[in-house]
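Residue numbers (our numbering), protein chains in the order written: chain A, 3 to 256; chain B, 3 to 256.
We put the beta carbon where it would ideally sit given N, CA and C, even for glycine.
See below:
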C-alpha cells in the first residue's frame, strides 16, 4: 500500500458486504466534515462575506481537481463498460458547450456571485497551500491505489446530501449576499451524488473480497474524510483565527 | 508545468545567475518558516511538553519523506555522476548499520527523549493529515517536475542553518525536557545542509537557462516554503488553538 493507506489489523475474518457497508458508514458518522466547526459557522450565518469568499475560492480547487481525479482513475481501467459508467462524472463537472455548463461553472457562479474575480479564482493563486496539498493528495491517491480502493475513496459522497441540504437552507437564510442562483451547484449535487455513491458502494461491496482490501477500502474513506477535514482546518486557521493568513494567500477586504 | 507550479510572467529577459540567486534568496526572506508564529513559540519556550511532542512527531513525517524524495529524484537521473553526488543525501538520512545511525534515527532520539513511543511515531498514525498531505506533495513535486526545478525545490536548505542555530539555543535554554543528546539532529544538519544547498544552488544557476525555467525554479522554492509553512499552520491550529485537534490525531496527555 502507499504512504496514505496503512493497514493496522488485517487479521480478522472477511466481512459480509453489509458489515463492510456499516463500517464505511461509521467513518462518516465519526469524521465527515459536517462535524467540523467551520461548517457550523458557515451554515449558521456566523461568517462575514470575506470569510465566505475564502471558503468558496479554496473549495474551487477541490472542484477543479475532481475531473482530473476521475480521468486519472479512468486511465487505469481496462474495462470499457466501467469507463462508460464512470465518464458521466467528468461530464457532470466539466459540462459541455451546448446545454450543460457543468459543476465547475456552477461553482464559478457562486464565486462570481460573491464578488470574486473569475480569473483570480481559476488561477488558484490566492488559495491556501494546504488546500492544494490536500486536494492533490486525493488525485494522487486515485492514481496510485488499487482500483477498488480508489473507488472506495469516493464514498464520502454517501454522506454529502445531508450537508448539502443544510448548506442550501442555512446559507440562503443567513446571508443576504447569497441567493438561489449561486446555490445551483449544491441543488444539482443533491441528485448526482446519491447515484454516484450507490454505484461505487455496490462496486466496493462486490469486489473487496479479502479482509485486507476491505480494511484498505474503509481506510480510503477515512483518508478522503481527512482530505475534506484538512481543507476546513486550513480555512479555520487562516480566516477565523486572527492574523494567520499565510504569505501570498487571499486577503479579504477590510 | 504541473498543478503546483504556475508561471505568471515568463516574458522578461533571462536573469544572470546572480540575479537568479538573489531572487531565490528573496523568497526565503519573504516566507521561510522561521517567520512562522509557531516557531517563535517553539524557540521561545512558550510551548508545553505536549505541544513540543506534537511538533516532533509531525515533523517525523517530513524526515521520513526526505530519502523517498531523493530516491524519486534519482530514479529520473540518467547521469551517473549526478546520482553519485546525490546519493549521500539518502545516506545522511537513512544511515547504515555500521557507524552512522543517520538523520531519521537522530530524529527518533528526539521523539524518544520527549517520551513518545517509537512505534507510535514511526507508524505516523497520530500525525495530522495536513502534515502528510504537505510532505507527500513534496515527494510528488520532485517526481514530476523538470529536473532543475526539482533540484531548486531543495533550496530552502539555504535558509536552514540560521533556524537550526536558533532552535538549538532556544530549545536547550527554555525546556528542561530537552538536552544536548536529543538536539543531535540539528547539530549535524548545521554541516550537512550548507554543502547540499551550495551544490544545488550552483546546479540551478548553471542549468536554468531560460526565463521560463528560472521563474519555475523560484516558484519551486516558494512551493517548498509553503510545504514547510503549511506544516506549522496545521500544528498551530491543532495544538495551540484550543479544541481543534482533528479526529484520530495525537492527543497530548493533560
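Would residue i pass as a contact of residue j if the rule is Cβ separation under 7 Å?
i, j, result
"residue 223 of chain A", "residue 26 of chain A", "yes"
"residue 168 of chain A", "residue 38 of chain A", "no"
"residue 69 of chain A", "residue 96 of chain A", "yes"
"residue 63 of chain A", "residue 111 of chain A", "no"
"residue 74 of chain A", "residue 184 of chain A", "no"
"residue 174 of chain B", "residue 40 of chain B", "no"
"residue 176 of chain A", "residue 52 of chain A", "no"
"residue 43 of chain A", "residue 118 of chain A", "no"
"residue 216 of chain B", "residue 22 of chain B", "yes"
"residue 16 of chain A", "residue 191 of chain A", "no"
"residue 1 of chain B", "residue 57 of chain B", "Only positions 3 to 256 of chain B appear in the structure, and residue 1 of chain B is not among them; the question remains open."
"residue 30 of chain A", "residue 161 of chain A", "yes"
From residue i to residue j, what distance separates their C-alpha atoms?
i, j, result
"residue 127 of chain A", "residue 150 of chain B", "23 Å"
"residue 34 of chain A", "residue 158 of chain A", "7 Å"
"residue 153 of chain B", "residue 248 of chain A", "24 Å"
"residue 257 of chain B", "residue 178 of chain A", "Any question about residue 257 of chain B goes unanswered here, given that chain B covers just 3 to 256."
"residue 197 of chain B", "residue 227 of chain B", "19 Å"
"residue 10 of chain A", "residue 245 of chain B", "Residue placement at residue 10 of chain A cannot be trusted, given a pLDDT of 49 that sits under 50; the coordinates are not used to answer."
"residue 195 of chain A", "residue 200 of chain B", "51 Å"
"residue 32 of chain A", "residue 233 of chain A", "17 Å"
"residue 252 of chain B", "residue 108 of chain B", "21 Å"
"residue 104 of chain B", "residue 135 of chain B", "24 Å"
"residue 83 of chain B", "residue 54 of chain B", "41 Å"
"residue 106 of chain A", "residue 36 of chain A", "22 Å"
"residue 163 of chain B", "residue 137 of chain B", "21 Å"
"residue 220 of chain A", "residue 13 of chain A", "15 Å"
"residue 181 of chain B", "residue 94 of chain B", "22 Å"
"residue 113 of chain B", "residue 256 of chain B", "18 Å"
"residue 211 of chain A", "residue 124 of chain A", "41 Å"
"residue 250 of chain A", "residue 241 of chain A", "14 Å"
"residue 91 of chain B", "residue 80 of chain A", "39 Å"
"residue 66 of chain A", "residue 203 of chain B", "34 Å"
"residue 193 of chain B", "residue 24 of chain A", "54 Å"
"residue 243 of chain A", "residue 28 of chain A", "31 Å"
"residue 186 of chain A", "residue 61 of chain B", "41 Å"
"residue 99 of chain A", "residue 239 of chain B", "43 Å"
"residue 170 of chain A", "residue 85 of chain A", "32 Å"
For residue i, which residues in the same chain have their Cβ closer than 6 Å to its Cβ, ignoring the five residues on either side in sequence?
i, result
"residue 78 of chain A", "none"
"residue 209 of chain B", "150"
Can you find a heavy atom of the ligand GTP that lies under 6 Å from the Cβ of residue i?
i, result
"residue 45 of chain B", "Only the bare structure without any ligand can be found here, which leaves the ligand GTP out of the picture."
Given residue i, which residues of its chain have a CB within under 7 Å of its CB, disregarding the five upstream and five downstream residues?
i, result
"residue 71 of chain A", "140, 141, 144"
"residue 49 of chain A", "43"
"residue 132 of chain A", "232, 236"
"residue 122 of chain B", "128"
Using a Cβ-Cβ cutoff of less than 8 Å, which residues in the same chain neighbour residue i once the five nearest sequence positions on both sides are dropped?
i, result
"residue 4 of chain A", "Bear in mind that a pLDDT of 41 at residue 4 of chain A, under 50, signals an unreliable position, so the number given afterwards is only what the model happens to contain. Excluding positions up to five away in sequence, the list reads 143, 146, 147."
"residue 206 of chain A", "22, 26, 150, 153, 154, 157, 219"
"residue 254 of chain B", "50, 51, 52, 53, 55, 56, 241"
"residue 19 of chain A", "207, 208"
"residue 115 of chain B", "179, 180, 181, 183, 184"
"residue 120 of chain B", "110, 113, 114"
"residue 172 of chain B", "44, 45, 46, 47"
Listed in chain order, which residues of the region 55-89 of chain A have Cβ atoms closer than 7 Å to some Cβ of chain B?
none
Listed from N- to C-terminal order along the chain, which residues in the region 21-36 of chain B have their beta-carbon within a distance smaller than 9 Å of any beta-carbon of chain A?
32, 33
Identify each residue in the region 138-168 of chain B for which the Cβ-Cβ distance to at least one residue of chain A is less than 7 Å, and report them in chain order.
138, 139, 142
Could you run through the region 123-139 of chain A and flag, in chain order, every residue whose CB is less than 9 Å away from some CB of chain B?
125, 126, 127, 130, 131, 132, 134, 135, 136, 137, 138, 139
Residues from the region 198-219 of chain B in contact with chain A, defined by Cβ distance under 9 Å
none
Using a Cβ cut-off of 7 Å, which residues of the region 220-231 of chain A contact any Cβ in chain B, in chain order?
228, 231
Positions along the region 96-110 of chain A whose CB lies within less than 8 Å of some CB in chain B:
none
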